[in-house]
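Residue numbers (this note's numbering), protein chains in the order written: chain A, -14 to 193; chain B, -13 to 242.
Working notes, beginning with the structure itself.
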């Protein structure tokens, strides 16, 4: 499998950047990196995982890593692959949890991957499981998202998470100009807002 | 619930981390007193969480498609090994019975279906925009990327096309980008590019090109599920479609 060679800084810049193709290229590079997958396979060998494969762990790790980088919480003090492996190491340890948020306290170096505390956790990184209320919230949000049109979902994700400008959004969505794109985003955001307010679980969270 | 524009922008800046520490603290202090602001923030947080879930869903779909692509490549490698083993077997069989060997060859070559990836590549090459284009008449915006494609510098072509933001050329750029991805065998990215052209719905000739190429990309991936069959049927049943004769020919080739 051909793997595109991207330097560490490029990986971070592409994942956080507004070019969807470069972003996908960076994420795909990480996903197809044979060294990363082989290391995860070796880590999995230390545990008796029955519900998840090394590929499941890698996918979950990349989704968490992507979120951290997009939110600007990755400081670039560790190599991206080292950090991804650290996430995966802890995901393996907590394989029966639905891990949502990651916290870390120090820079992770390659040699840190060999260290583990007595519970099998790497020092400097913690994974937190979603609590029952958060799971209920997410389920309700999924039902809100299902009600929305594909066009609206794409407009929102393009604007809010791919950092697309209104010009780019207009071009990608076949709209005449950036004003139309702005209106589309505004309209979709309002639709989502109404659906959230009208959802009984979510309105309860909002104390409406 | 009504939300003031002032609150909207402030809350978005707060949640996206676009505030200084002092500005953040000012919002937090104000929230303790201002219940409307606190309620607005709670709503924005839910909206952001929903969009985060959307982003995760999209990435998961991409990862699954890359996985499929990877396993497809693995199967092709496995096929090579399997054919090598068969050849060795045939050599032993030849020593035992030349007649049986001849019969086996007849069965093997006549009975073997077309190699999907090779078939897709052949049709793609024959109808590629790159091969058909005469660069002299093309707009200057697309020219460097097309030349890169013709020189087989696919990564460079993808980068050049990704930088085109002029709305007059974005659709063409996306179509060519899909072609570059296909030619560098990055099929999942090719699917994304062609689908984005199709979603735009116009110009119709670009949509036809994207539909045909998307069908070939599915085939190259070894995917013959409903999306592939529906698309190919639609093109081969539409005499007005630019690639109607190609789609009919492809269907016949697949049926053999």
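Glycine is no exception: its CB is placed at the ideal position from the N, C-alpha and C atoms.
Write down the C-beta distance between residue 55 (chain B) and residue 159 (chain A) rounded to the nearest angstrom, noting that I regard them as a contact closer than 8 Å.
Translated into the one-based positions of the second chain, residue 55 (chain B) becomes position 69. Translated into the one-based positions of the first chain, residue 159 (chain A) becomes position 174. Residue 55 (chain B) to residue 159 (chain A), Cβ: 27 Å. No contact.
Chain B contacts from the region 57 to 76 of chain A (Cβ-Cβ distance under 8 Å)
57
Look at residue 5 (chain B) and residue 145 (chain A) and say whether their C-beta atoms are less than 7 Å apart.
Taking the second chain and counting its residues from 1, the one referred to as residue 5 (chain B) is at position 19. Taking the first chain and counting its residues from 1, the one referred to as residue 145 (chain A) is at position 160. Against a cut-off of 7 Å, the Cβ pair of residue 145 (chain A) and residue 5 (chain B) comes out as no contact.
In the region 218 to 240 of chain B, which residues sit with their C-beta less than 9 Å from some C-beta in chain A, listed in chain order?
Residues of the region 218 to 240 of chain B with a C-beta less than 9 Å from any C-beta of chain A: none at all.
So, with DSSP's three-state summary, where would you put residue 70 (chain A)?
Against the first chain, residue 70 (chain A) aligns to sequence position 85. Here residue 70 (chain A) sits in helix by DSSP.
Touch check for the region 25 to 41 of chain B and the region -9 to 0 of chain A: three-plus C-beta pairs under 8 Å?
no
Should residue 1 (chain A) be flagged as near chain B, meaning a C-beta pair shorter than 7 Å?
Within the first chain, residue 1 (chain A) is the residue found at index 16, counting from 1. No - not a single Cβ of chain B is within 7 Å of the one on residue 1 (chain A).
Would you give the residue range spanned by the alpha helix (DSSP H) that residue 39 (chain A) belongs to?
For the purposes of this step, residue 39 (chain A) is taken as the residue at position 54 of the first chain. Looking at the DSSP string, the run of the alpha helix (DSSP H) that includes residue 39 (chain A) is 39 to 55.
List the endpoints of the continuous alpha helix (DSSP H) containing residue 249 (chain B).
Residue numbering for chain B in the displayed model covers -13 to 242; residue 249 (chain B) lies beyond these limits and cannot be assessed.
If distances are taken between C-alpha atoms only, which option among B:198, B:14, B:-3 comes closest to residue 110 (chain B)?
Here the question's residue 110 (chain B) lines up with position 124 in the second chain. The residue with the shortest Cα to Cα distance from residue 110 (chain B) is B:198.
Beta carbons nearer than 8 Å to chain A: which residues of the region 25 to 40 of chain B have them?
25, 28, 29, 32, 33, 34, 35, 36, 37, 38, 39, 40
If you follow the alpha helix (DSSP H) that residue 212 (chain B) is in, where does it begin and where does it stop?
As a working note, residue 212 (chain B) is residue 226 in the second chain. From DSSP, the alpha helix (DSSP H) with residue 212 (chain B) extends over 212 to 222.
Check residue 172 (chain A) in the structure and name its three-state DSSP category.
Counted from its first residue, the first chain places residue 172 (chain A) at position 187. DSSP places residue 172 (chain A) in helix when its eight states are reduced to three.
Using a Cβ cut-off of 7 Å (strictly closer), state whether residue 113 (chain A) contacts chain B.
As a first step, residue 113 (chain A) must be located in the first chain, where it is residue number 128. By this cut-off, residue 113 (chain A) is not an interface position.
As a quick exercise: from B:170, B:8, B:151, B:184, pick the residue whose alpha carbon is nearest that of residue 141 (chain B).
As a first step, residue 141 (chain B) is located in the second chain; it is residue number 155 there, counting from the start. Considering only alpha carbons, the answer is B:170.
So residue 34 (chain A) and residue 5 (chain A) are supposed to be a Cβ contact under 8 Å. How far apart are they, rounded?
By 1-based counting over the first chain, the position of residue 34 (chain A) is 49. By 1-based counting over the first chain, the position of residue 5 (chain A) is 20. With 8 Å as the limit, residue 34 (chain A) and residue 5 (chain A) do not qualify as a contact, their Cβ atoms being about 33 Å apart.
Quick one: grab the DSSP three-state call for residue 157 (chain B).
Along the second chain, read from residue 1 onward, the residue named residue 157 (chain B) stands at position 171. Three-state DSSP puts residue 157 (chain B) in a helix.
Below 7 Å between beta carbons: does that hold for residue 126 (chain B) and residue 134 (chain B)?
Counted from its first residue, the second chain places residue 126 (chain B) at position 140. Counted from its first residue, the second chain places residue 134 (chain B) at position 148. For residue 126 (chain B) and residue 134 (chain B), no; Cβs fall outside 7 Å.
Exposed or buried, residue 171 (chain A), counting other C-beta atoms within 10 Å across all chains shown (16 or more means buried)?
Locating residue 171 (chain A) in the first chain gives position 186, counting from the first residue. Looking at its Cβ environment, which holds fewer than 16 other Cβ atoms inside 10 Å, residue 171 (chain A) is exposed.
Closest Cα partner of residue 186 (chain B) within the set A:150, A:139, A:37, A:124:
In the second chain, counting from the first residue as 1, residue 186 (chain B) sits at position 200. The option with the nearest alpha carbon to residue 186 (chain B) is A:139.
So is residue 208 (chain B) in contact with chain A if we call contact Cβ pairs under 7 Å?
Your numbering for residue 208 (chain B) matches position 222 in the second chain. Interface flag for residue 208 (chain B) against chain A is unset, since no Cβ pair is found closer than 7 Å.
Same chain only: Cβ atoms within 8 Å of residue 228 (chain B), ignoring 5 sequence neighbours per side
Position 242 of the second chain, counting from 1, holds the residue named residue 228 (chain B). The residues are 191, 194, 195, 198.
Please list, in chain order, the chain B residues whose beta carbon lies closer than 9 Å to that of residue 44 (chain A).
Taking the first chain and counting its residues from 1, the one referred to as residue 44 (chain A) is at position 59. What residue 44 (chain A) touches in chain B: 45, 46, 49, 50, 53.
Comparing the C-beta of residue 148 (chain B) with each C-beta of chain A, is any distance below 7 Å?
Counting from 1 along the second chain, the entry for residue 148 (chain B) is found at position 162. Chain A, which has a Cβ nearer than 7 Å to the Cβ of residue 148 (chain B), makes this yes.
Should residue 231 (chain B) be labelled buried (16 or more other beta-carbon atoms within 10 Å of its own) or exposed?
For the purposes of this step, residue 231 (chain B) is identified with residue 245 of the second chain, where counting begins at 1. With fewer than 16 Cβ atoms within 10 Å of its Cβ, residue 231 (chain B) is classed as exposed.
Identify whether residue 0 (chain A) lies in helix, strand or coil by the three-state DSSP scheme.
As a first step, residue 0 (chain A) is located in the first chain; it is residue number 15 there, counting from the start. DSSP places residue 0 (chain A) in the helix class (H, G or I) of the three-state scheme.
Which one of A:181, A:42, A:21 has the shortest CA to CA distance from residue 64 (chain A)?
The count along the first chain starts at 1 and reaches residue 64 (chain A) at position 79. Checking every option, the nearest Cα to that of residue 64 (chain A) belongs to A:21.
Residue range of the alpha helix (DSSP H) that includes residue 128 (chain A):
Position 143 of the first chain, counted from the start, is the residue given in the question as residue 128 (chain A). Segment 117 to 132, the alpha helix (DSSP H) holding residue 128 (chain A).
Output the distance between the C-alpha atoms of residue 165 (chain A) and residue 155 (chain A), rounded to the nearest integer angstrom.
For this step, residue 165 (chain A) is matched to residue 180 along the first chain. For this step, residue 155 (chain A) is matched to residue 170 along the first chain. C-alpha separation (whole angstroms): 7 Å.
Just checking my contact of residue 155 (chain B) with residue 128 (chain B) at CB under 8 Å: how many whole Å lie between their CB atoms?
By 1-based counting over the second chain, the position of residue 155 (chain B) is 169. By 1-based counting over the second chain, the position of residue 128 (chain B) is 142. About 6 Å separates the two Cβ atoms, so the contact holds.
Output yes if chain B places a C-beta closer than 7 Å to the C-beta of residue -12 (chain A); else output no.
Here residue -12 (chain A) is taken as the residue at index 3 of the first chain, counted from 1. Residue placement at residue -12 (chain A) is poorly supported in this model, since its pLDDT is 38, which falls under 50; the coordinates still yield a value, given next. Answer no: the Cβ-Cβ gap between residue -12 (chain A) and chain B never drops below 7 Å.
Please classify residue 31 (chain A): is it buried, with 16 or more other beta-carbons within 10 angstroms of its beta-carbon, or exposed?
For the purposes of this step, residue 31 (chain A) is identified with residue 46 of the first chain, where counting begins at 1. That one is exposed.
Taking only beta-carbon atoms, is residue 187 (chain B) less than 7 Å away from chain A?
Walking along the second chain from the start, residue 187 (chain B) turns up at place 201. It does: the Cβ of residue 187 (chain B) has a partner Cβ on chain A nearer than 7 Å.
For residue 148 (chain B), report the span of its alpha helix (DSSP H) as first-last.
Start at 1 with the first residue of the second chain, and residue 148 (chain B) comes out as number 162. Run containing residue 148 (chain B): 140 to 148, per the alpha helix (DSSP H) assignment.
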